[in-house]
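In short: position in the sequence shown from 1, add 279, done, that's this note's numbering.
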Amino acid sequence: MSPRMPGTATLIVGAVLIAVYGVLLLIGVVEEGDIGLGLILLVGYVCALVGVVRIGRHWFSERWRRAPSSRR
280 MSPRMPGTAT LIVGAVLIAV YGVLLLIGVV EEGDIGLGLI LLVGYVCALV GVVRIGRHWF
340 SERWRRAPSS RR
């Protein structure tokens, strides 16, 4: 992924939030079903999903733009 690709930072933030929640769950700070810190996981999922969608939209639009025009 190039640094200019939109959504890369959002995807990284989402992955870090999910990883932080996983570490907190492993060391016992968070218990399953904890609503307060469970929001970290929810925000992480949303960030990751938004990042993937933005990267996909950018990738497909670039691919469509560079494709040879076979339509007439």
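C-beta: ideal position from N, C-alpha, C; glycine also.
Mapping DSSP to helix, strand and coil, what is residue i?
{"i": "R283", "result": "coil"}
{"i": "G301", "result": "helix"}
{"i": "V292", "result": "helix"}
{"i": "R351", "result": "Note on R351: pLDDT 48, under 50, position unreliable in the model; the coordinate value appears next. The answer is coil: DSSP assigns R351 none of H, G, I, E or B."}
Rounded to a whole number of angstroms, what is the C-alpha to C-alpha distance between residue i and residue j?
{"i": "V382", "j": "I334", "result": "Nothing about residue 382 can be read from this structure; the chain reaches only from 280 to 351."}
{"i": "H337", "j": "I319", "result": "27 angstroms"}
{"i": "L305", "j": "R345", "result": "46 angstroms"}
{"i": "L328", "j": "D313", "result": "22 angstroms"}
{"i": "F339", "j": "G307", "result": "42 angstroms"}
Less than 9 angstroms between the C-beta atoms of residue i and residue j, yes or no?
{"i": "G323", "j": "L296", "result": "yes"}
{"i": "G330", "j": "G301", "result": "no"}
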